[in-house]
Amino acid sequence: MPELPEVRVVCKSLNEKVQNLVFKKVEIFNPKLFKEYDPSYFQEFLIGEKILKISNLGKNIIYFLTNNKIMLSHLRMEGKYSFYEQKPKETLKHIQAIFYFENGSELHYRESRPFGTFHIRYLNNYLKIDPLAKVAQSPGEIDFETFYNRLSKKALAIKPTLLDQSIVSGIGNIYADEILFASKIHPATPSNLLSKDKVKEILKNAIEILDKSTELGGSSINSYESLNKKEGQYQNFLKVHTKKGEFCIKCSSKIEKIKFKGRGTYFCPTCQKQKDFI
Numbered sequence: 001m002p003e004l005p006e007v008r009v010v011c012k013s014l015n016e017k018v019q020n021l022v023f024k025k026v027e028i029f030n031p032k033l034f035k036e037y038d039p040s041y042f043q044e045f046l047i048g049e050k051i052l053k054i055s056n057l058g059k060n061i062i063y064f065l066t067n068n069k070i071m072l073s074h075l076r077m078e079g080k081y082s083f084y085e086q087k088p089k090e091t092l093k094h095i096q097a098i099f100y101f102e103n104g105s106e107l108h109y110r111e112s113r114p115f116g117t118f119h120i121r122y123l124n125n126y127l128k129i130d131p132l133a134k135v136a137q138s139p140g141e142i143d144f145e146t147f148y149n150r151l152s153k154k155a156l157a158i159k160p161t162l163l164d165q166s167i168v169s170g171i172g173n174i175y176a177d178e179i180l181f182a183s184k185i186h187p188a189t190p191s192n193l194l195s196k197d198k199v200k201e202i203l204k205n206a207i208e209i210l211d212k213s214t215e216l217g218g219s220s221i222n223s224y225e226s227l228n229k230k231e232g233q234y235q236n237f238l239k240v241h242t243k244k245g246e247f248c249i250k251c252s253s254k255i256e257k258i259k260f261k262g263r264g265t266y267f268c269p270t271c272q273k274q275k276d277f278i
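With full-length UniProt numbering applied, the sequence shown corresponds to residues 1 to 278, in that order.
Shown next as structure tokens:
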């Protein structure tokens, strides 16, 4: 699933291509992705509106349109966008929707396992109702005291706590493993047993890792790619995630993988001993 860096990269690419373009037509091939309203209403809502800018809240892509309109897009497991200056001779597989613009260009949304979502909202309510109502700020936006207080109330292990988008947004399985390794914290450590210094370390490492990954275009693991099939490079700098059986870069112990709360979790058993964390 694309996480904060990957979504940031997609937003940047979309801004470069579709900012200030006006919707002319929308073709929806999979209505299940377009939530709450039928396709005809989605089309009516978008046609004639200009894209003012594209931003994100955590893993959610936010299209800000004229007339105080909003379109939300979540890529889920493997949603992807492709942009064309003019109608392509051939279309890629698994196209779920095509957005046509008045200048003749097209934005295609594709997904081989269609779990992505689209919602339409207005500027005055899009943060007050689902899917964004409970989404927290990202590590670079949240203040330390808020983050610490949320963790101090959670007896749940730190790994699934970091994945909880109502605690802090944008962290998924890849970066949770990397952040905890950088912070020398075992993924099963109860969140409420972490000291303030350790929580500061988590937040600092989260910001640094997510920012570095964003600079490098994200992590292209499994199927992730940005606009027009562009791959990221941060997967080449991962320290533990996907590294089962490889030697830890810090201590030369072998990286282990466990199934934890339903998620494949990678860590170094030497650098990330539970007794060192509290």
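All C-beta atoms in this analysis are idealised placements derived from N, C-alpha and C, irrespective of residue type, glycine included. Treat the numbers as computed from the prediction; the structure is a model and nothing was measured.
Reduced DSSP secondary structure (H/G/I, E/B, other) of residue i
i	result
Lys243	coil
Lys273	coil
Ala97	strand
Val26	strand
Thr66	coil
Gly262	coil
Ile249	coil
Phe144	helix
Ser152	helix
Thr117	strand
Lys257	strand
Pro39	helix
Pro187	coil
Ile129	coil
Glu178	helix
Arg8	helix
Ser73	strand
Asn56	strand
Lys134	coil
Glu78	coil
Glu111	coil
Lys204	helix
Buried versus exposed call for residue i [16 or more other C-beta atoms within 10 Å across all chains shown]
i	result
Pro2	buried
Gly48	exposed
Ile249	exposed
Phe237	exposed
Glu16	exposed
Lys212	exposed
Ser138	buried
Cys251	exposed
Lys243	buried
Asn25	The displayed chain sequence assigns Lys, not Asn, to residue 25. Flag for Lys25 reads exposed.
Glu92	Note on residue identity: the sequence assigns Leu, not Glu, to residue 92. Exposed, by the Cβ-count rule.
Tyr41	exposed
Leu127	exposed
Pro187	buried
Gly264	exposed
Gly245	exposed
Gln274	exposed
Gly116	buried
Of the listed residues the options, nearest to residue i (C-alpha basis)
i	options	result
Leu132	Lys59, Val7, Asn30, Glu6	Lys59
Leu52	Phe23, Glu36, Pro88	Phe23
Thr161	Leu193, Leu210, Glu141	Leu193
Ser82	Phe34, Leu46, Cys11, Ser253	Cys11
Lys80	Pro114, Asn103, Thr265	Pro114
Pro269	Arg263, Ser253, Gly262	Ser253
Leu33	Lys154, Val199, Leu72, Lys134	Leu72
Leu210	Arg76, Gln233, Gln43	Gln233
Asn103	Gln19, Thr66, Ala182	Gln19
Ile207	Ile171, Ile221, Glu231, Ile258	Ile171
Gln96	Leu75, Gly218, Gln86	Leu75
Tyr84	Phe101, Ala182, Asn125	Phe101
Gln272	Phe144, Lys239, Phe181	Phe181
Sequence-distant residues of its chain with Cβ nearer than 7 Å to residue i (five each side left out)
i	result
Lys204	none
Thr214	Pro5, Arg8, Val9
His119	Lys35, Glu36, Leu72, Pro131
Lys87	Glu106
Residues of its chain near residue i, where Cβ-Cβ distance is below 6 Å and the 5 sequence neighbours each way are ignored
i	result
Arg121	Ile70
Asn30	Gln96, Pro114
Same chain only: Cβ atoms within 8 Å of residue i, ignoring 5 sequence neighbours per side
i	result
Lys196	Tyr148
Gln43	Lys25, Val26, Ile28
Thr66	Glu49, Lys50, Leu52
Ile179	Leu162, Ile171, Ile202, Asn205, Ala206, Ile209
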